Every structure is written in C-alpha cells, then in structure tokens.
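Below is one structure, written out as structure tokens, with a few remarks after it.
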Amino acid sequence: MAEPSGRREFAPCSSSGNRRRDGCGPSDPRYHQMVNRAEEVKQTPHGVAATVASAFVYGVFPVYWAALDAVPSINVMLYRIVTAAVVMMLFMLCTGRWHGLVASVASMWRTKRVFWMAVAAAVLVTVDWVVYIYLVAIGRTSEASAAGFLIPLANMLLALVILREKASALGIASMVIAFVGGVLYVVDTGAFPVLALAMVLSYSGYCLIKRFVPLDAFQSLTFETGVLTPFAFVALAVQPQFGVPAGVSWHVWALLAGCGVLTAVPLVLTSYGVKHTTFLMLSFTQYITPTIQLLLGIFVLGEQVPAHRFVSFGVIWLALAVYSVDLVRRHRRRLELGRGR
1 MAEPSGRREF APCSSSGNRR RDGCGPSDPR YHQMVNRAEE VKQTPHGVAA
51 TVASAFVYGV FPVYWAALDA VPSINVMLYR IVTAAVVMML FMLCTGRWHG
101 LVASVASMWR TKRVFWMAVA AAVLVTVDWV VYIYLVAIGR TSEASAAGFL
151 IPLANMLLAL VILREKASAL GIASMVIAFV GGVLYVVDTG AFPVLALAMV
201 LSYSGYCLIK RFVPLDAFQS LTFETGVLTP FAFVALAVQP QFGVPAGVSW
251 HVWALLAGCG VLTAVPLVLT SYGVKHTTFL MLSFTQYITP TIQLLLGIFV
301 LGEQVPAHRF VSFGVIWLAL AVYSVDLVRR HRRRLELGRG R
C-alpha cells in the first residue's frame, strides 16, 4: 500500500486510465511515460522477496497486537504513533531524506488546502490503526481480515463515485459481488460489522486523499506520525504509568517500544519492492496480508469462525478474483497502447 519512494516527476495517471478527470489518456505524453516506466521495471528475485516479505509482516501484525492485550487499544495506537515518528525521523536523517521532507512540507503549507488534506489523511489512518488493534484485542481478527479484503474494492468504488473515473464491466461486477458477500456476512453474524466498515472507510478515504498529497511513502509516514505525536504524547503523559497498567512485565514495554520499527520495516520493504517488481505482482500480493490475518486468527489466536461463514468469505474472494482479472486486462491494454503509439 505504500507508494514508491522518490519525488514525483509527473502527475500520475489514475488507475482506470480516466482521461476526463486528469487528461492522462493515451494521447497524453504522461501516459506513455508511465507505460514506459512500467515496461522498464525488471522483476528481480530480491524485489519479489521484499514485496512478499512486506505482505507477511503486515499479515502477522495481529499476533503482535494480541501480545499487547493488557494495554488499552487506544494507548497501543498512541505508542505506535510516537515510536513510529521517532523511527522515521531517524531514518530520514540517516538517509539524507530530511531536507526533502522539509521542502515538501513547506510547499504544502504554502497551499493550505493540500497541507490540511495531509493532516486529514493522518487522522484517517489513525482511525484505521486503532480499530484494527481493537478488533484483534477483542478476538475478532476475522472481521479485520474481511475489511482488508474489501479495501481494494472500496478504493475502486470511491474512485468511481468521487473522482468520476470510469469502471469496466468486470470492475462493476466485482463490486456487486463484494456487496453480496458483505450482505451474507451481515446475515451470518446477525450484526452489522460497524468496526470493519470503519476500517474500510477510513483506509479507503486515506488512500483517496493521498492521491492529492505530493509526498512519497517515507515522507508520508514521517509527516503523518510527526503531526500527531504531540497530541499522542500528551494523551499518554496525563495517564498513570503513561497509559500502561501497573504490574505489566518488561516485555510489554519492549513491544510498545518496538511498535515504531514494526510500522517502518514493511514500508521500507514495500518501497524497495515497487522498484524491482512488476505492477501485476504488486497487485496480487495485496491479498496475502488479509489471508494470513484470517488464518492466524483461526489457528493461532483461537478465534472461533463457523464453517458456514466461509460462504461469505468465498463470495468476497470471488469478487477479488474478478477484480484481479480486470487489473490484468487493463494493465495489458495500457502496455499495448504504449507500444502502438
């Protein structure tokens, strides 16, 4: 989910090749520049390994959060913000990226609307984090996994409704099938999945806003955690024991301190992977994470998931299969248009 690192040298095309919104169709030079870069990317074993490793790290997050169940979920999220900010600031300083971050933030500040959009993105991703951690803490990892499967489809829906992008017949079919899967999930559980919906809406909204924020992946995480750190630190400081229950073992403190590294590692892996992995490989690896989360919830964390509930998951997986076929077809069409110009 992370964006490629490095400054953008041209405005990116929309995922559906929408021409009316951003003028980035086959007649636009930026379109062919994008296609050329896609064709120039040579997939390497290290790139694939980094991409898959990133998905696996994200996938095992539930085990990490479950080990912190003695700490209130909101406080785990606050520690994640503070420690991630520290780790990312050190990373930016040590890799010579700090001046680029300062320049980008200064540029956003001159365009106040973009700056506040970046702040809104930080708030939305924080909502996603705390809901995710809370779902794991209360033993509903499968619900978080369902949200993870639905996020790519929700992103497509937002692009269709808000950005007025055009969706293919397969794209629309995948959204309809996913909706059916969601209805079956609600009927099966007997309750509306409010928290899963909160995850889907918050992260999809985050992805939507990020399209208009000119920061790369490293800059984004540094800015988002940095802008919220003062509030997170104050919220922890006013609580007894800095928000950690008295009498917890030292390993809880160690896990809280490690939240920042846990957040940064998959980002670094993804940022390397996008430079050495094809677009299609990246598209398919996004499904590894929620699959691992579902399996861990059942076989490691001991969550009881009735067998008949897999009917709704099966419908959602069918929606993702249709969505993936659509991705492959659109990607091939772009390459063909680029070669035939």
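The numbering of the sequence shown is the UniProt record's numbering, which starts it at 1 and goes up by one. Just so it is clear, CB atoms sit at the ideal spot from N, CA and C, and this is done for glycine as well. Fair warning: this is a prediction, and the values are worked out from it, not measured in the lab.
Between the stretch 132–143 and the stretch 50–69, the count of C-beta pairs closer than 8 Å reaches three or more; the two stretches touch.
The three-state reading of DSSP puts His276 in coil, since its state is none of H, G, I, E or B.
Non-local C-beta neighbours of Ala173 in its own chain, meaning closer than 7 Å and more than five positions away in sequence, comprise Val322, ordered along the chain. Contact between Ala106 and Glu224 does not hold, since their C-beta atoms are separated by about 17 Å, which reaches or exceeds 8 Å. Within the stretch 210–289, complete alpha helix (DSSP H) segments of at least 4 residues are found at 217–237, 250–257, 259–273 and 279–285, given in chain order. For a cut-off of 8 Å, the C-beta gap from Leu158 to Ser204 is around 5 Å, short enough to register as a contact. Contact between Ala319 and Leu153 holds, with the beta-carbon distance rounding to 6 Å and staying under 8 Å.
Looking only at Glu336, Ser312 and Pro266, the smallest Cα-Cα distance to Thr51 is reached by Pro266. The UniProt domain "EamA" (47–185) is shown to contain whole alpha helix (DSSP H) runs of 4 or more residues at 61–66, 73–94, 98–110, 112–137 and 141–161, in chain order. With a cut-off of 8 Å on Cβ pairs, the stretch 233–252 is not in contact with the stretch 141–155, counting fewer than three such pairs. When C-alpha distances from Gln239 are compared across Tyr58, Ile74 and Val48, the shortest belongs to Ile74. Looking at Arg140, Tyr272 and Arg113, the one whose alpha-carbon comes closest to that of Gly47 is Tyr272. A direct Cα-to-Cα measurement between Lys210 and Ala118 gives close to 7 Å.
Counting C-beta atoms within 10 angstroms of its own C-beta, Thr222 has 16 or more neighbours from the protein chains shown and is therefore classed as buried. With a contact defined as Cβ atoms closer than 8 Å, Leu262 and Ser142 miss out at about 22 Å. Between the alpha carbons of Tyr79 and Gly260 lies a distance of about 8 Å.
Ranking Ala191, Gly297, Gly182 and Gly96 by CA distance to the CA of Val60 puts Gly297 first.
Here DSSP, grouped into helix, strand and coil, assigns Gln43 to coil.
Closest option to Trp317, judged by alpha-carbon separation, among Thr44, Ile151 and Ala49: Ile151. Using a Cβ distance threshold of 8 Å, Thr229 and Ala85 count as a contacting pair.
In terms of Cβ geometry, Thr285 and Ala120 do not form a close pair [threshold 8 Å]. DSSP places Phe192 outside both helix and strand once states are collapsed to three, so it counts as coil. Taking the Cα positions, Gln219 is about 31 Å away from Val194. Ranked by Cα distance from Ser168, the options Leu327, Glu336 and Leu337 are led by Leu327.
DSSP, read as helix, strand or coil, puts Glu303 in coil.
Rounded to whole angstroms, the gap between the alpha carbons of Leu101 and Ala196 is 33 Å.
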